[in-house]
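Numbering (the numbering used here), first residue to last: 5 to 322. C-beta atoms are modelled at their ideal positions from N, C-alpha and C, and glycine is treated no differently.
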């Protein structure tokens, strides 16, 4: 539903621009173009009040950010702040229920920023912010209570979406393993673990510090990280089980292993990097495979390894 409303906001901005050609827009003192659509039924916000609004920020055909991903925004009205060419200039003019369009010209932003702007912002581009004022709170305390409710709702929604995605991921992973004649155990949260060598040392239980040699790759075979392959220059990784020191699929899958184990972890995207992905190598909703070797398991944090000398040898061991 939120995705739909944000889409409506973006469409509203485009229609307004097309219909008016920018001629009905007003300008702030700094030259920022804006238009407020209001029914006049509610009073304008006052200093110290907090506005809650849904928004979408676009450039050309791309959405830069919006409430669909981040939830509604909350801004406290502070008349002592005098922003220069910033949407905050307009926030003090709105009322509950208003729809607002703000246009920021990249050329003007570049001049005011001394040329320091991201490279994807091109000359003559326009950043368009469209927002809908959902509510106005008399105090920051009232807005914080509302924000907490929104956060809890978003977390429940994200958890439900992750469970649905995990079901899809597991179907893909199970089919993949079947096609390769690989037998794997399922960890408590859904990571599939192919144990190559069982190991005989301490188990990777909650609270234990586990040192892992690893190689991570996509199911297509693209290696994106490794402490085993010298080209990456990484040392074995130590994490505490249950302390969220790695992606959830690691914490889940390692619990089936012990010191000396060697295994492949097949991690559903929902227990990996999820919808955000990670850099160019890990796409959104991409399932992952990690080959891991459990080098050590301790009940206390081990000392850090000595630094690497040129050529990959550890100093002190030459």
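{"Item": "Restricting to runs no shorter than 3 residues, where is the beta strand (DSSP E) found entirely within the stretch 36-72?", "Value": "37-41, 54-63, 66-70"}
{"Item": "Quick check on residue 144: does DSSP put it in helix, strand or coil?", "Value": "helix"}
{"Item": "Spatial neighbours of residue 187 within its chain, please: C-beta separation below 6 Å, excluding the five flanking residues on both sides.", "Value": "none"}
{"Item": "On the CB-based measure, 16 or more other CB atoms within 10 Å of its CB, does residue 294 come out buried or exposed?", "Value": "buried"}
{"Item": "Straight-line CA distance for residue 288 to residue 164?", "Value": "17 Å"}
{"Item": "Please state the DSSP three-state secondary structure of residue 199.", "Value": "strand"}
{"Item": "Taking DSSP as the reference, what is the three-state secondary structure of residue 300?", "Value": "strand"}
{"Item": "On the criterion of 16 or more Cβ atoms from any shown chain inside 10 Å, does residue 258 qualify as buried, or is it exposed?", "Value": "buried"}
{"Item": "With DSSP run on the structure shown, which of helix, strand or coil describes residue 159?", "Value": "helix"}
{"Item": "Between residue 128 and residue 225, what straight-line distance do the alpha-carbon atoms span, to the nearest angstrom?", "Value": "42 Å"}
{"Item": "In the DSSP output, what is residue 269 paired with across the bridge?", "Value": "197, 294"}
{"Item": "Given a cut-off of 8 Å, decide if residue 54 and residue 147 are closer than it, judged by their beta-carbon atoms.", "Value": "yes"}
{"Item": "Within its chain, find whatever has a CB closer than 8 Å to the CB of residue 304; leave out the 5 residues flanking it on each side and keep chain order.", "Value": "213"}
{"Item": "Helix, strand or coil for residue 113, going by three-state DSSP, please let me know.", "Value": "helix"}
{"Item": "Thinking C-alpha only, which one of 152, 237, 166, 216 is nearest residue 269?", "Value": "216"}
{"Item": "Under 8 Å by Cβ, that's how I've got residue 265 and residue 203 pegged, so tell me the actual separation to the nearest angstrom.", "Value": "4 Å"}
{"Item": "What three-state label does DSSP hand residue 259 in the structure shown?", "Value": "coil"}
{"Item": "What's the call for residue 136, buried or exposed, on a 16-neighbour Cβ count within 10 Å?", "Value": "buried"}
{"Item": "If we ignore side chains and look at the alpha-carbon of each, how far apart do residue 308 and residue 242 end up?", "Value": "9 Å"}
{"Item": "What is the DSSP secondary structure of residue 185, reduced to helix, strand or coil?", "Value": "coil"}
{"Item": "Identify, in the order they occur along the chain, each residue of the same chain with its Cβ nearer than 6 Å to the Cβ of residue 207, setting aside the five sequence neighbours on each side.", "Value": "262"}
{"Item": "Grab the span of the alpha helix (DSSP H) containing residue 227 for me, first residue to last.", "Value": "Note, residue 227: premise wrong, no alpha helix (DSSP H); beta strand (DSSP E) at 227-230."}
{"Item": "Over what stretch of residues does the alpha helix (DSSP H) that includes residue 94 continue unbroken?", "Value": "92-95"}
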